[in-house]
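These notes concern the structure reproduced below.
There are 2 protein chains.
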Amino acid sequence: MPDNPRPRQIVTTSDQALAARCARGRILVIDDDAEILTAFGFLFTLEGYACETYSSAPAFLAVLHENRPQFPGPCCLLCDVSMPEMDGLELQRQLAQDENTPLILISGSSGAEEAVTGLHAGALDFLIKPIETEALLAVVARALAVDRQGQLDRMRRANLTARLATLTERERAVLRRVAQGQTNYEISQDIAIAERTVKLYRQRAMEKLGVATLPELVRIVDEFIY
Amino acid sequence: MPDNPRPRQIVTTSDQALAARCARGRILVIDDDAEILTAFGFLFTLEGYACETYSSAPAFLAVLHENRPQFPGPCCLLCDVSMPEMDGLELQRQLAQDENTPLILISGSSGAEEAVTGLHAGALDFLIKPIETEALLAVVARALAVDRQGQLDRMRRANLTARLATLTERERAVLRRVAQGQTNYEISQDIAIAERTVKLYRQRAMEKLGVATLPELVRIVDEFIY
DNA sequence: GCCACAATTGCCCTAAAGGGCAAGATCGAC
DNA sequence: GTCGATCTTGCCCTTTAGGGCAATTGTGGC
Numbered sequence: 091m092p093d094n095p096r097p098r099q100i101v102t103t104s105d106q107a108l109a110a111r112c113a114r115g116r117i118l119v120i121d122d123d124a125e126i127l128t129a130f131g132f133l134f135t136l137e138g139y140a141c142e143t144y145s146s147a148p149a150f151l152a153v154l155h156e157n158r159p160q161f162p163g164p165c166c167l168l169c170d171v172s173m174p175e176m177d178g179l180e181l182q183r184q185l186a187q188d189e190n191t192p193l194i195l196i197s198g199s200s201g202a203e204e205a206v207t208g209l210h211a212g213a214l215d216f217l218i219k220p221i222e223t224e225a226l227l228a229v230v231a232r233a234l235a236v237d238r239q240g241q242l243d244r245m246r247r248a249n250l251t252a253r254l255a256t257l258t259e260r261e262r263a264v265l266r267r268v269a270q271g272q273t274n275y276e277i278s279q280d281i282a283i284a285e286r287t288v289k290l291y292r293q294r295a296m297e298k299l300g301v302a303t304l305p306e307l308v309r310i311v312d313e314f315i316y
Numbered sequence: 091m092p093d094n095p096r097p098r099q100i101v102t103t104s105d106q107a108l109a110a111r112c113a114r115g116r117i118l119v120i121d122d123d124a125e126i127l128t129a130f131g132f133l134f135t136l137e138g139y140a141c142e143t144y145s146s147a148p149a150f151l152a153v154l155h156e157n158r159p160q161f162p163g164p165c166c167l168l169c170d171v172s173m174p175e176m177d178g179l180e181l182q183r184q185l186a187q188d189e190n191t192p193l194i195l196i197s198g199s200s201g202a203e204e205a206v207t208g209l210h211a212g213a214l215d216f217l218i219k220p221i222e223t224e225a226l227l228a229v230v231a232r233a234l235a236v237d238r239q240g241q242l243d244r245m246r247r248a249n250l251t252a253r254l255a256t257l258t259e260r261e262r263a264v265l266r267r268v269a270q271g272q273t274n275y276e277i278s279q280d281i282a283i284a285e286r287t288v289k290l291y292r293q294r295a296m297e298k299l300g301v302a303t304l305p306e307l308v309r310i311v312d313e314f315i316y
């Protein structure tokens, strides 16, 4: 629910428009070619997306590290591979550390090595200039869809991870064994506690995880513990 | 169990040696460059792998369609992209229909488009000549590992799919609901049968699937049904 | 020492699952 | 029509899960 305790912000009409665009998709373009930046910016703006352009990877990283608040919505990166200072693949390496925004690489000259490297490192696609508008829009739409799903997954994972963190070591041990199909009695023998205690931990753990049935529990345990 | 009802075969000592090589890995090389074929054949044979070479994609497909029996073991394809008659990407498309052997593409000229296409179509890697021996061996080893795992997965899936096929429609309906956490009584109300019958179907289905616990059942149902 | 609090356990009861046994119902085959 | 196989159900019993309640134990703080 949008009940975040931030200080109230001044919202202008342009902010509202930007928020709407961000909700549709925010596209970050990084290229040392100014013409590309303006052309892409124009195209994506025309398509109703929010578009930010950066003339170099360091410039982009600088803004990124500011951690300025963003309107919610899916996001993707569109980055040229061959740039002075820092090339696209190097940027990709740096981002791979903690960032998981879909990255689309763009290349002027057709270097196959770069394409292989980039795609192996997780780039969603590798486009070669000249780029057809339709293909570009399709790829961007796919990237935004990936990020949208990725954001949902991350939120879900973060939520469950937080819940799992509240579990006792005992509760975790019980859950693991419950998810392996052991009965309460078997678990009690296994970790040398009373069966009643097993029941108690099991109940508490399920409450903490917010699940009511064994199948749900199994899915969560399978996804997070082992 | 190796109790297949095939006619007994004559096993020569060379067959035994080939079987041992196949167990280590079978590498199929497709290239129109005869030098590459001999060089790769020599290299892989030296490394203890079984290696078959084909001078064109159609030649390979012809042999493939013979469905001749093979010694068990992991397998991978090493295929040049630029060849007369049929290029590597076209072969990849044809194989993608039903084949799932890991494919490594090789390119002489460095065409980025081809690399992107090939990798997107599922090629495990895209090597560019000249190829370093160490890198080649590493990629091949990875491909063989992938196929080994893939074969295990396929066997497991085939096994379970066969078991699932023996289930009644009723049994499947019950299992689905069991895996969603419904109680026997709820299921009985849901599909309008007696609770005792639900128990019966549930029991039979678990016997047919060869599982003894609810968690195992949940995992199988999650993987196959919905 | 005393107290609050969390961890642990025993006792006991209900609900649900697992399953044996036999009977009714259905349906195609002879 | 009758027979056999299969599907379905009711009855009944045991095991397991779920959970309330109170007692015990250990621990840190006052």
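Going down the list, the protein sequences come from chains X and L. To get this note's numbering, take the position in the first sequence, counting from 1, and add 90. To get this note's numbering, take the position in the second sequence, counting from 1, and add 90. Glycine included, each C-beta is placed from N, C-alpha and C at the ideal position.
*Which of the residues in the region 213-226 of chain L, read from start to end, lie with their CB under 9 Å from any CB of chain X?*
Asp215, Phe216, Leu217, Ile218
_So that I know if they touch, is there some Cβ in chain L lying closer than 8 Å to that of X/Pro92?_
Low confidence applies here, because X/Pro92 scores a pLDDT of 49, under 50, leaving its location unreliable; read the following figure in that light. It does not: the Cβ of X/Pro92 has no partner Cβ on chain L nearer than 8 Å.
*Which residues does DSSP pair with L/Phe216 in a beta bridge?*
L/Leu195
*Buried versus exposed, by CB contacts within 10 Å (16 or more), X/Leu242*: exposed
*Between which two residues does the alpha helix (DSSP H) harbouring L/Ala318 extend?*
Only positions 91 to 316 of chain L appear in this structure, which leaves residue 318 of chain L out of reach.
*asked:* Measuring straight from C-alpha to C-alpha, what distance separates L/Phe216 and L/Arg116?
replied: 19 Å
*asked:* Taking the alpha-carbon of X/Leu265 as reference, which of X/Arg246, X/Gly138, X/Thr287 has the nearest alpha-carbon?
replied: X/Thr287
*Leaving aside the five residues before and after L/Cys141 along the sequence, list all residues of the same chain whose C-beta is less than 6 Å from its C-beta, in chain order.*
Ile117, Gly131, Phe134, Thr135
*Taking Cβ-Cβ distances below 8 Å as the criterion, which residues of the region 298-314 of chain X are in contact with chain L?*
Ala302, Thr303, Leu304, Pro305, Glu306, Val308, Arg309, Asp312
*Any chain L beta carbon closer than 8 Å to X/Leu209*: yes
*asked:* Is X/Val229 close to chain L? Criterion is C-beta to C-beta, closer than 8 Å.
replied: no
*Where do the ends of the alpha helix (DSSP H) carrying X/Glu142 lie?*
Per DSSP, X/Glu142 belongs to no alpha helix (DSSP H); it is in the beta strand (DSSP E), 140-144.
*Work out the CA separation of X/Thr191 and X/Asp237 for me, nearest whole Å.*
6 Å
_For X/Asp170, the first and last residue of its enclosing alpha helix (DSSP H)_ = Element bounds for X/Asp170: not the alpha helix (DSSP H) but the beta strand (DSSP E), 165-170.
*Count the other C-beta atoms from every protein chain shown that fall within 10 angstroms of the C-beta of X/Arg292, then say buried if there are 16 or more, exposed otherwise.*
buried
_If contacts are defined as beta-carbon pairs under 8 Å, then L/Cys112 and L/Gln184 qualify, I think. What distance do you get, rounded to the angstrom?_
At roughly 24 Å, the Cβ-Cβ gap does not stay under 8 Å, so L/Cys112 and L/Gln184 are not in contact.
*Quick one: is X/Gly271 near chain L, going by C-beta distance under 8 Å?*
yes
*Please list the partners that L/Ser197 has in chain X, where partner means a Cβ-to-Cβ separation under 9 Å.*
Ala202
*What are the residues that DSSP puts in a beta bridge with L/Val119?*
L/Thr143, L/Leu168
_Strictly under 8 Å for the Cβ-Cβ distance: is L/Val206 near chain X by that measure?_
yes
*Run the CB neighbour count on X/Ser199, radius 10 Å, all protein chains shown included, and call it buried at 16 or more, exposed below.*
exposed
*So L/Ala269 packs on L/Val311, CB below 8 Å; how close in whole Å?*
4 Å
*Applying the criterion that 16 or more other CB atoms from any shown protein chain within 10 Å of the CB defines a buried residue, is L/Glu261 buried or exposed?*
buried
*Nearest-angstrom Cβ-Cβ length linking X/Glu203 and L/Ile194, presumed shorter than 8 Å*: With 8 Å as the limit, X/Glu203 and L/Ile194 do not qualify as a contact, their Cβ atoms being about 15 Å apart.
*Do you know whose CA, among L/Pro162, L/Val119, L/Val171, L/Cys169, lies nearest L/Asp105's CA?*
L/Pro162
*Using three-state DSSP, classify X/Ala302 as helix, strand or coil.*
coil
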